[in-house]
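Take a look at the structure set out below.
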Amino acid sequence: MTKALLDKIVDLAVRRGIFFPTAEIYHGPAGFYDLGPLGSLMKHNIIQYWREFFILRETKINIYEIDGSIILPYTALKASGHVDKFTDPKTECRRCGRIYRADHLIEEVISISVEGKSLEEIEGVIAEHNIRCPSCGGELGEIKPHHLMFKTEIGAAGEVAFLRPETAQNIFLDFKRVYYSMRCKLPFGIAQVGRSYRNEISPRQSLFRLREFTQMEIEMFIAPEDLNTHPSFDEVRDVKIRILTREEQLKERPEVVEISAKDAVEEGVVPNQYMAYYLARETQFYMSLGIPFESIRFRHLLPEETPHYSGGNFDLEVRFSFGWKEIVGNAYRTDYDLSTHSRFSGEELAVQHNGRKVTPHVIEPSFGIERTLYALLEFSYSEDERGWPVLKLPRRVSPVKAAVLPLMRKDGLDEKAYSIYSSLRRVPNPCYVVYDDTGSIGRRYARADEIGVNLCITIDYQTLEDDTVTVRDRDTKQQIRVKASELMDIITKDTLRPVIG
RNA sequence: GCGGCGGUAGUCUAGCCUGGUAGGACGCCAGCCUGCCACGCUGGUGACCCCGGGUUCAAAUCCCGGCCGCCGCACCA
């Protein structure tokens, strides 16, 4: 049996500087990863491509990007519901020390839901029904909160604050400022790329369950009566999306429904055009990054998986080697966030629309960057006929666009190659090009393939005569001979080349 | 957090049972060689054997605790 794909990718990632555990030399805690030089380049490329795809390309609706504070005060997260919602009641057996989720235990034993009840009330239920440790029968201790948010303190007074559990909250908190400063009109969007924090009980699967991660989010603000009139919907109406409906999930063998964006709205499979628009755009986005259509699906979360105010959540799941996993969450948050923040803060967060006050409804696509990055690695990992790894990354997001290689390190080939390399770096808006003259040419091609270098530019004896070079394509291994002066243009065109298939 | 398994140079690994402080391969670096897909030669680099404690004259090896990883359970906006 060959090594699992995840192991191969983690091995490659650590060895070649894509990602590795944080504070590794001190055996750091689980759930934290640093991106290395190549991972960092990939992340930047993914973010920039996402901006172009979801923000800049959107000309009929303005989307404004902000960059908010990671530390948020207690009051803001109390209002948003996170202080209560992001806390699990836990209890420890006084005899054997096992720890249980108190709410789950109660539901399991006496089939009563204690959702929304306070810790004292939950304790009362346990005492009243004499619920004991299911493992040893011992008495259960007092109910304590387990915070899924990282708690911290501000200043000398020690004001309680938290690291934000989602980037979305800054957007709601800044809503009024953005609205007035940018003279917004509904519909419009506010986007943010940044770190979020969740103190997971047990992080797993490398980049998948992190305690610190990066989100790319958009909150689209829409008048409720306009939810079915997205101005660009015609552009995606025929785009096919794959949906795992609630009904299908309850079946023995669930089947994905393949449906056009337009039909999905008309048949009520998704709640509105705005949601359908994003499901379609996300399908296009990930397909353009090399994820096959059949390996993408949107799972309509079951009612018990979503908050009470949700108008429908659709997770974009990708078929990984270890199963279907969420990499994007799409939530119809109704007007819940703006309404509750308005109520708690006393600020008016309704806006003028068609001559009256409206509290906008919100459609939120929320992308996980680390998960996206891992997905790209998994879907681009391949091995050639000799068993050597080749990362067939989408040209657009691969970390290194070209490597300049002298065929031999003698006879002036190296000087010539170095000067070509320099000229490619010293241009306006340069891309990432590297130089390598160590080892045989074959070894250097292999090293480049392993990290997904799009093109290898080789300087040989003919270059010294007529200033032409060979350009080798990573995926086909085909070489063409071109003029050195055309290289920049060739690299740029190659970088923007769409994924085939 | 619970249970099972594991942790030896950057990577893979021998040694562990049957204590005597580590050997290989690949990589990496330097030089030679090399006229297009991990060539070859020479030299070199690199491991307080995951951490802490215990047993012992002596611990990579045996025992205990911890950390991290994998699998299962539980958890997972």
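Per full-length UniProt numbering, the first sequence runs over residues 1 to 501.
Using N, Cα and C, we set each Cβ at its ideal position, and we do this for glycine too.
Everything numeric in this text was worked out from a predicted model, so none of it was measured.
Per DSSP, the bridge partner or partners of residue i
i      : result
Ile327 : DSSP, once it has assigned bridges, lists no residue as partnering Ile327.
Glu212 : Tyr197
Ile480 : Val471
Leu316 : Phe298, Val328
Asp466 : Its beta-bridge partners do not exist; DSSP assigns none.
Met220 : Gly189, Ile363
Ala264 : None, per the DSSP bridge assignment.
His129 : Looking at the DSSP assignment, His129 forms no beta bridge with any residue, so it has no partner.
Thr152 : Ala161
Leu5   : Paired residue(s): none; Leu5 is not in a bridge.
Arg101 : Lys90
Glu65  : Ala191
Lys240 : Ser260
Ile71  : Leu163
Same chain, Cβ closer than 7 Å to residue i, neighbours up to 5 away in sequence not counted
i      : result
Arg497 : Arg395
Gln462 : Thr468
Met1   : Summary for Met1: the model assigns pLDDT 33, below 50, so the residue's position carries little reliability; its value from the coordinates is reported in the next sentence. There are no such residues.
Ala150 : The residue asked about is misnamed: residue 150 is Phe in this sequence, not Ala. The answer, listed in chain order, is Phe162, Leu163, Tyr197, Asn199.
Tyr179 : Val351
Val14  : Phe20
Trp427 : It is worth fixing the name first, because residue 427 is Val in this sequence and not Trp. Cβ neighbours of Val427 beyond the five flanking positions: Met488.
Where the alpha helix (DSSP H) containing residue i begins and where it ends
i           : result
Arg281      : 273-288
Val362      : Note, Val362: premise wrong, no alpha helix (DSSP H); beta strand (DSSP E) at 361-368.
Gln205      : Premise fails: Gln205 is in no alpha helix (DSSP H) and is neither H nor E.
residue 502 : The structure shown does not extend to residue 502, since the chain is modelled only from 1 to 501, so the question has no answer here.
Tyr418      : 413-425
Lys493      : 487-495
Ile171      : 168-173
Thr340      : 336-345
Arg246      : 246-249
Beta-carbon proximity check, residue i vs residue j, cutoff 7 Å
i      : j      : result
Arg211 : Asn199 : yes
Ile222 : His361 : yes
Asp437 : Asp414 : yes
Phe54  : Tyr33  : no
Leu455 : Ala402 : yes
Asp466 : Lys392 : no
Ile457 : Val471 : yes
Ile327 : Arg371 : yes
Met42  : Val397 : yes
Val256 : Ile47  : no
Leu377 : Ile63  : no
Glu364 : Glu225 : no
Ala30  : Pro203 : yes
Tyr374 : Leu207 : yes
Leu173 : Ala76  : yes
Tyr286 : Val236 : no
Leu487 : Ile441 : no
Thr283 : Gly311 : no
Leu140 : Thr87  : no
Gly323 : Val499 : no
Glu217 : Ser366 : yes
Arg386 : His300 : no
Bounding residues of the beta strand (DSSP E) (the contiguous stretch that carries residue i)
i           : result
Ser382      : 381-383
Lys357      : 356-358
Ile457      : 455-459
Phe162      : 159-163
Tyr33       : 33-35
Val257      : 257-260
residue 502 : No answer is possible for residue 502: the residues shown for the chain start at 1 and end at 501.
Glu450      : Looking at the DSSP string, Glu450 is not in any beta strand (DSSP E); the run it does join, the alpha helix (DSSP H), is 441-450.
Ala403      : 402-406
Glu225      : Per DSSP, Glu225 belongs to no beta strand (DSSP E) and is neither H nor E.
Val351      : 351-353
Val390      : 389-391
Residues near residue i in its chain [Cβ-Cβ closer than 8 Å; skip 5 each side]
i      : result
Leu279 : Ile241, Ile243, Ala261, Ala264, Val270, Phe298, Phe314, Leu316, Asn330
Tyr74  : Val83, Glu159, Val160, Ala161, Phe162
Ser295 : Val318, Arg319, Phe379
Thr214 : Lys43, Val193, Gly194, Arg195, Ser196, Gly368, Ile369, Glu370
Gly17  : Gly36, Pro37, Leu38, Gly39
Arg425 : Val433
Close beta carbons around residue i, own chain, < 6 Å, minus the five adjacent residues each side
i      : result
Asn228 : Asn272, Gln273
Tyr421 : Val404, Tyr435
Phe232 : In the sequence as displayed, the identity of residue 232 is Ser instead of Phe. Around Ser232: Lys60.
Val390 : Ser382, Asp384, Asp449
Ile459 : Pro406, Leu413, Lys416, Ala417, Val469
Tyr309 : Thr334, Tyr336
Inset, instruction - Could I get the ranges of all uninterrupted alpha helix (DSSP H) runs contained in the segment 13-62, with 4 residues as the minimum, in chain order? - result: 37-51
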